[in-house]
Amino acid sequence: MPETTPSQTVGPYLSIGLPWPDGPDVVPAGEPAAIRVHGRVLDGAGEPVPDAMIETWQADAEGRFDHPDDPRGAVASGFRGFGRCPTDTNGGYEIRTIMPGSLPGPAGGTQAPHIDVSVFARGLLHRVVTRIYFEDNDNSGDPVLASVPEERKGTLIATKAGDGYRFDIRLQGEGETVFFDV
Numbered sequence: 209m210p211e212t213t214p215s216q217t218v219g220p221y222l223s224i225g226l227p228w229p230d231g232p233d234v235v236p237a238g239e240p241a242a243i244r245v246h247g248r249v250l251d252g253a254g255e256p257v258p259d260a261m262i263e264t265w266q267a268d269a270e271g272r273f274d275h276p277d278d279p280r281g282a283v284a285s286g287f288r289g290f291g292r293c294p295t296d297t298n299g300g301y302e303i304r305t306i307m308p309g310s311l312p313g314p315a316g317g318t319q320a321p322h323i324d325v326s327v328f329a330r331g332l333l334h335r336v337v338t339r340i341y342f343e344d345n346d347n348s349g350d351p352v353l354a355s356v357p358e359e360r361k362g363t364l365i366a367t368k369a370g371d372g373y374r375f376d377i378r379l380q381g382e383g384e385t386v387f388f389d390v
């Protein structure tokens, strides 16, 4: 009888070629409007995931993208709006960025300021996608947040923490972060 091989997982190969020196810095050091978004990636048992990677994508402070897919037309601001950060041995990550502006929503509505987040980690065959909203913004009219059951909305809200905002990501289990099918 042939010998079986161990099962294969995705990674932890993210650190080989995906991070780059300014990856977690969406804005440069010294940017007066910079905010720090930090937290931990945790598994279903609440243990840190030391080999995950966080990618963020967001609008600028005016709610615009320097990208041809912006429905209002690209704005040549030079703001790339993209960050990428591997987690450390404690599952920690940190992104330096700016507070995004509100975005147009469906049917003429508005989406609250938010940051889109992709999480890549071992055992995930596909990324998981979530959003970061901020506790000190008016999030009440956001159509995406409104679609989330009340008892789970807290998993999408970053809280003020010292010099920035804390946003932990729980991949499964009790307190699992809400992930979106995109």
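Quick note on numbering: the sequence shown equals residues 209 to 390 in this note's numbering.
Just so it is clear, CB atoms sit at the ideal spot from N, CA and C, and this is done for glycine as well.
According to DSSP, residues forming a beta bridge with residue i
i      : result
Val302 : It is Glu, not Val, that sits at residue 302 in the sequence shown. Beta-bridge pairing links Glu302 to His246.
Val356 : The partner list for Val356 (beta bridge, DSSP) is empty, contrary to what the question assumes.
Met261 : Pro294 and Phe328
Arg378 : Leu250
Gln319 : Leu311
Ala366 : Phe342
Pro256 : Leu250
Val337 : Ser326 and Phe388
Simplified DSSP state of residue i, which is helix, strand or coil
i      : result
Ala237 : coil
Gly372 : strand
Pro351 : helix
Among the options, nearest to residue i - alpha-carbon criterion
i      : options                           : result
Pro312 : Gly247, Glu270, Arg335 and Val235 : Glu270
Phe328 : Thr305, Pro279, Val249 and Gly372 : Val249
Phe471 : Asp371, Lys368 and Val356         : Any question about residue 471 goes unanswered here, given that the chain covers just 209 to 390.
Thr338 : Gly383, Pro229 and Ile377         : Ile377
Cys293 : Gly381, Asp389, Gln380 and Arg244 : Arg244
Pro308 : Asp344, Leu379 and Leu333         : Asp344
Asp268 : Pro258, Gly289 and Asp251         : Gly289
Ala369 : Gly281, Pro258, Thr264 and His246 : His246
Gly317 : Ala237, Asp350 and Gly331         : Asp350
Val347 : Gln319, Gly372 and Asp371         : Rather than Val, the amino acid found at residue 347 in this sequence is Asn. Measuring from the Cα of Asn347, the nearest candidate turns out to be Gln319.
Phe342 : Tyr373, Leu332 and Arg330         : Tyr373
Inter-residue CB distance, residue i and residue j (contact presumed, cutoff 8 angstroms)
i      : j      : result
Ile262 : Val336 : Rounded, the Cβ-Cβ distance is 11 angstroms, inconsistent with contact.
Val352 : Gly291 : With a Cβ gap of about 20 angstroms, Val352 and Gly291 do not count as contacting.
Gly296 : Pro258 : It is worth fixing the name first, because residue 296 is Asp in this sequence and not Gly. So it is a contact: roughly 7 angstroms between Cβ atoms.
*Can we say the region 279-293 touches the region 356-364, given the rule of at least three CB pairs closer than 8 angstroms?*
no
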